[in-house]
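Residue numbers (the numbering used here): 105 to 160.
Next up, the structure:
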């Protein structure tokens, strides 16, 4: 199951650089995770300074 980014995202971009498979990109108002690419490693979740990333 892929991770998801909540509305708590402040678009800092920290998570994008932590993703080993490039599943995170800037969306219209915040970063988004491509569920088909995400390998559910959790690297982005531990890097997020606002705790906006969690398991779906």
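Note that CB positions come from ideal geometry on N, CA and C, so glycine has one too.
Extent of the continuous alpha helix (DSSP H) run through residue 115: Taking the first residue of the chain shown as 1, we reach residue 115 at position 11. No alpha helix (DSSP H) contains residue 115, which DSSP labels as neither H nor E.
Which of helix, strand or coil DSSP assigns to residue 150: Numbered from 1 along the chain shown, position 46 holds the residue referred to as residue 150. Here residue 150 sits in helix by DSSP.
Same chain only: Cβ atoms within 7 Å of residue 151, ignoring 5 sequence neighbours per side: Locating residue 151 in the chain shown gives position 47, counting from the first residue. The answer, listed in chain order, is 118, 119, 122.
With 16 other Cβ atoms within 10 Å as the buried cut-off, status of residue 148: Against the chain shown, residue 148 aligns to sequence position 44. The residue is buried, with at least 16 neighbouring Cβ atoms inside 10 Å.
Bridge partners - residue 130, DSSP secondary structure assignment: Against the chain shown, residue 130 aligns to sequence position 26. Secondary-structure assignment with DSSP links residue 130 through a beta bridge to 135.
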